[in-house]
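Chemist:
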């Protein structure tokens, strides 16, 4: 016998696990990019108000007291994992049929848990404990169990030989045929399992091929297939509850070091490494929800798991390469905690690692040594802690008229340095843009940030410049070179630039500067000096 | 003095952001004596610029940026008429040999067309800039480039162009150019390469740049403008900019003085009609007119004779004989080819046009005002529009004109005729979509926004663009969204691209490409001029509008169907006048499918107006127009007609003019006559008055005219209330009214359609169905209306149906058989192949059909089966005749699902092993004839068994019918629910007549039309159809606001309210509107117009 647990309206139920109010009030889950979201699931009270899948969010919003939630992939994943856990708590053979469906092999479990109906009741109860309302079916074959679970509410037990009769009334879409076949069956007026089961098999095969025949077998509840059980995912998690709450980083480092050693030892034992770690710190008091922050490549984040964990602090550490090095990991965690210390004493520490295959790298004999990625990561994390993430990386020029514009991209030595982008731009550049860049005859040494200056002008032309360390009369000026742009953004710019030659005094050589006036504010700056 | 010699307008299509008119106005504001418009590869904006410049008091120079083979552009300015002709020919040549929107001129082209042109070297897209970029200033390329230009255009006609936009790279180029110019002894000239009139328009320019390059603002980078300096600058500003080069500024004035040509000197000449030797065009026209007049008026008709003579004299004076003869020639061609043709518009005011057969309305009999058509003072060409059957027939006429006037004297091809262009401009939805795309809004946001842009004719106060943005989830407080909103408004009416006008043709005596550049149209074989029809008219180029009219095609089809189906020849020109059956039908407003009188508003007017003769129909056509409605003429006219109000005149002198319309002015001509009689306007002045109140009426002009009117009236002793009344009717009305002649032409078609519907319903219905889309109602409503009138409409059947709807005669009964063109997704070629194969031998089975007509796709076979078109396959001669007919067919064991079952197998491709011969594998079934004969399976022959599937329910058939054909020949959906509807107290449409007015009633039906006219103050009018007819409901603005979604979206509605009856017009004033669940079938309604 096989048991199937199906969670109807899964996206909504996954959210309701942490917000039970969603069950009793009219609620709908939407998907899409705001403001254009459409309803994918609605609960019964919402359906009674006229909400249906496919409706736009804006159509639903005006309805009284409706709760609208956005689909959460994370919460669905955790609900799915919990569903699998539930399966494994009863049977060692569990099939991960779909995100909302699991099938359990019940062979040999009767002595342990009782008759099929009792098992079904047990499963229903445990599903409820998970915070979900499930539909549970026990049948002689997995497919029949799955279809019945998707079609019938509550608990259903189908005895051997009764499959066809019990499934007959189910609507055909439960079989999930391809859209083409579903359309054909609909045109034929075949809308239930019973109607499909009644069609002559050979004639059906002539029309819908083997897929049609297979669907018919499913509709008759006569398939025989082997369950495809999943292995229980190995969990690498270490937890330590503290006798006294920890308030200093040093004892916490000691605790973390121990946990990391354990974890890395377990990973090594399975020939695995980790690239992502989750740290959960249960705090003594208060709710801690912090924004996500990023330092270099190590993603240090607090997960705003607001409902579930009574506000423990959760952080994630992501690494560029897999590692088993507990010392490295400890350093990174300490840097992380140092830059963002917890805001309350810690009473419990949970550390979990996502297992991945370890990195295999072959160094070339004649290749120059690149920095060790692990060490580089630590260094970058240290620097980030000091200067802030937006100031770390490699500068990259931006295609714009904005003078001196650049952006920071991730610092990745040796990656893609000599590669050219194979894609060709389809944008036609006018001759003025594609024309050959003039070879610079002199270099501009740019001040970052530009030096604020006071500039005297006559008939719009600069005649004298004063700034910190720069002062003199303008003996020659070229300009203005006027640029403006990004008028659709908040940081639009408009400026006049001048190249000026300054006379700083007798006996001193004149120097060339690039100065500019911000036309929005009227302020002058020295942008740089020519070599 | 500075003259801007290099300005682009929005007619450079996505390379300029300013309208020519704005450019001219701004130039005048900046005290510039002249400006040159040089759009990219064309003179698209030249007429508008020319007229605007005249108005602004500056000179408009003509020029263009012409793309050369290396991709660079030369700025060419027109110095003389020869230069203009050369420029037009040059552009035509490069355009016509390349695909639409492309083309470049070679050095040889420039050399051949250089005379009369002045060449500037261009800005950053010019050839000098390109050669400097290519080889650098020290290479020989820039020098060679200038020398080449000197060779082509002559040294005295080449100027080295300098632009200063505060760009250091541009300045480096300028310095190189100055050096070169000095070394070659060429003069310098300053321009600003203008693309905008004001600095904020730079944003539009950036948006256009992105549209041109298919990118977003965020990713466009350095493609965008560096700054906002490409604006029209004042002479003082330009002088400051070029203070170091005063000669560059001075030379602009020098060049301007050399540019003598303006568009006043276009040199257009209408073609001369080839007359027999020794006969002038005028003599020839007189002969043709006299011949025609004899036929139209008979030998003794002094009034007609006088009128014709008056007109001929004016035609001779204005030298228009050639024009009339050419239109007459087109009419003659149509008659020879059996193509229906009728002149419309003001041409119907001319007795000469009537005599020549151009129009069908007798202007003498109807006392129409000739000056509305042609007047000496107006100085413009008359406007003759010809209505032709839409589709192939019209195309034949266009090709005739095109071919006929493109033949030179020695048989050589010349560009003598072309279509006028249609400038496509940015409008609400297109503006939002394109601007939004460039600003990086997601496609879904834009879809939602464009779907929210209101399509109602009436807009309430809340229905603003701002609200539409808010409804789409866009917050105008955000900068990007505010820019989106502002730009949507700013790009409105800017040209987007050039299309082809549907019917306007221009004809020229000489080479048309010397008058205006020609371009290839998207449609193969078509050539369009660069100006739209308004510009052509403004430039004095004569045009003939060959307009396609769906009703003309339907009438033409009807004649053929009547001849074939009824065995009668009907001549539309000689229909019995004042047919009682026609007027009885019109008085009942039973006018579904009739030309111009089928709309809801017309239907509610007909029972009040109760037409009894042809002139009443003319009034009927003209009265339901915004002019009479806004001018509050409708009710006074109807009341006077019904005798409830005395017929009075504002002044006794106006009685002759207003007598026919009971003292109420209804036609444009009447207003013009009012002005002529009451205020002493001449014919030309009156026409001027009409034009002044045209689409772009200005308040100042209106006031001026009103003063003139009142002065004239006072001189004639008309003052006080009478003067007010006359002035009020003229000013509020003139724009939106029909000319009487136009109404009369339309009334002729309306009468013809009514006559055919009354007497040849089958032919008329089939013709209407064959010429969809047209008219006010969907094919589903046309079919139901015909059925209610007793016509049998048979379903699509592949054993009988052709591509188009046909007539089938059974005994005395003539029925319409729906054509295969109504099967959604069925290609005509597949249908025609099927019909051809059927003619060889009937199809024995669906397998037989699939095998013999292999071009049929599976989806086509499935739809055919779904709509019941395959139910009869294999009937051949074996089916008993008792089974013929719709009702019996559904009772057959062989039903639509059987066909669907068979189709699924017949259309399935076997693998190569089983592929051939198919029939071998499909023979183990019985044939339908043997099944009917009671034989069991395996009795031999080809396969056509019944299937294991259940027959469709009536609801399923309905869904399949609407899904597959958009209509049903079976019962109306409401008929299936009548019992339940009765239980709800819902009355059928035909019961309303017997219920006293004022009672509360419930009516229900499928919505076939929803209207919210601009003149109805927010009221919504619904037409609800059931199996007995059409019920009308009126939704007040309050009820509409409460039920907006229901009223707008639901297919079937229940309306509860009070029954209103007024002069035979029945409607329900809604108090409650509820959705009704009748069927899942998707029906259609005609909304919003």
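Residue numbers (the working numbering), protein chains in the order written: chain A, 1 to 531; chain B, 532 to 1620. All C-beta atoms, glycine included, are put in the ideal place defined by N, C-alpha and C.
#1: With a cut-off of 8 Å, do at least 3 Cβ pairs link the stretch 545-559 of chain B to the stretch 724-735 of chain B?
#2: CB-CB under 6 Å to residue 4 of chain A, same chain, minus the five flanking residues each way: which ones, in chain order?
#3: Taking 8 Å as the limit between beta carbons, can you name the residues of its chain near residue 307 of chain A, skipping five residues before and five after?
#4: Are the stretch 737-748 of chain B and the stretch 680-692 of chain B touching, with three or more C-beta to C-beta distances below 8 Å?
#5: Looking at residue 46 of chain A and the ligand FMN, is the gap between the Cβ and the nearest heavy atom below 7 Å?
#6: Identify whether residue 37 of chain A lies in helix, strand or coil by the three-state DSSP scheme.
#7: With a threshold of 16 other CB atoms inside 10 Å of the CB of residue 1236 of chain B, please say whether the residue is buried or exposed.
#8: Check this for me: beta carbons of residue 527 of chain A and residue 501 of chain A, under 8 Å apart or not?
#9: Determine the burial state of residue 1359 of chain B: buried for a count of at least 16 other Cβ atoms within 10 Å of its Cβ, exposed for fewer.
#10: If contact means a Cβ-Cβ distance below 9 Å, which residues of the stretch 49-65 of chain A contact chain B?
#11: Just to confirm, are residue 135 of chain A and residue 154 of chain A a CB contact at a threshold of 8 Å?
#12: Look at the alpha carbon of residue 494 of chain A and the alpha carbon of residue 520 of chain A, and state the distance between them as a whole number of angstroms.
#13: Three Cβ pairs or more, each shorter than 8 Å: is that satisfied between the stretch 627-636 of chain B and the stretch 659-673 of chain B?
#14: Could you pull out every residue in the same chain whose Cβ sits closer than 6 Å to the Cβ of residue 331 of chain A, ignoring the five residues on either side in sequence?
#15: Quick check on the burial criterion: 16 or more other C-beta atoms within 10 angstroms. Buried or exposed for residue 1308 of chain B?
#16: Give me the chain B residues within the contact set of residue 484 of chain A, using Cβ-Cβ distance strictly less than 7 Å, ordered along the chain.
#17: Between the C-alpha atoms of residue 1283 of chain B and residue 1106 of chain B, what's the straight-line distance to the nearest angstrom?
#18: Find the residues of chain A that neighbour residue 699 of chain B, judging by a C-beta separation of less than 9 Å, and give them in chain order.
#19: Compare the C-beta of residue 490 of chain A with all C-beta atoms of chain B and state if any pair is closer than 8 Å.
#20: According to DSSP, is residue 525 of chain A part of a helix, a strand, or is it coil?
#21: Taking residue 21 of chain A as the reference, which of A/131, A/75 and A/517 has the closest Cα?
#22: Just to confirm, are residue 874 of chain B and residue 812 of chain B a CB contact at a threshold of 8 Å?
#23: Residue 1397 of chain B versus chain A: which residues are under 9 Å apart at the beta carbon?
#24: Pick helix, strand or coil for residue 251 of chain A, following the three-state DSSP scheme.
#25: Give the DSSP bridge partners of residue 681 of chain B, in chain order.
#26: Output, in sequence order along the chain, the residues in the stretch 1004-1028 of chain B whose CB is closer than 7 Å to any CB in chain A.
#27: In chain B, which residues lie less than 7 Å from residue 241 of chain A when you measure between Cβ atoms?
#28: Please list the partners that residue 752 of chain B has in chain A, where partner means a Cβ-to-Cβ separation under 7 Å.
#29: Identify the continuous alpha helix (DSSP H) that holds residue 501 of chain B and give its terminal residues.
#30: Tell me the start and end of each unbroken beta strand (DSSP E) in the stretch 212-269 of chain A that is at least 3 residues and wholly inside, in chain order.
#31: Could you pull out every unbroken beta strand (DSSP E) segment of at least 3 residues lying fully inside the stretch 1280-1361 of chain B, listed in chain order?
#32: Please compile the residues from chain B whose C-beta is within a distance smaller than 9 Å of the C-beta of residue 33 of chain A.
#33: Determine, using beta carbons only, whether residue 1563 of chain B and residue 1550 of chain B come nearer to each other than 8 Å.
#34: May I have the straight-line CA-CA distance separating residue 1614 of chain B from residue 1512 of chain B, to the nearest angstrom?
#35: By DSSP, does residue 532 of chain A sit in helix, in strand, or in coil?
#36: Is DSSP giving residue 799 of chain B helix, strand or coil here?
Modeler: So, from the listed chains and residues:
#1: yes
#2: 103, 137, 145, 146 and 149
#3: In this prediction, residue 307 of chain A has a pLDDT of 39, which is less than 50 and means its spatial position is unreliable; what the coordinates show is noted afterwards. Around residue 307 of chain A: 18 and 19.
#4: no
#5: No copy of the ligand FMN occurs in the structure displayed, which carries no ligand at all.
#6: coil
#7: buried
#8: no
#9: exposed
#10: 56, 57, 58 and 59
#11: yes
#12: 6 Å
#13: no
#14: 378
#15: buried
#16: 758 and 759
#17: 7 Å
#18: 478, 479, 481, 497 and 499
#19: yes
#20: strand
#21: A/131
#22: no
#23: 187
#24: helix
#25: Per DSSP, none; premise fails for residue 681 of chain B.
#26: 1004, 1010, 1011 and 1014
#27: Residues of chain B passing the Cβ test: none, with the nearest at roughly 48 Å.
#28: 399 and 400
#29: Residue 501 of chain B lies beyond the residue range present for chain B, which begins at 532 and ends at 1620; the question has no answer from this structure.
#30: 236-246
#31: 1337-1341 and 1344-1348
#32: 973, 975 and 976
#33: no
#34: 19 Å
#35: Here chain A has residues from 1 to 531 only, and residue 532 of chain A is not among them.
#36: coil
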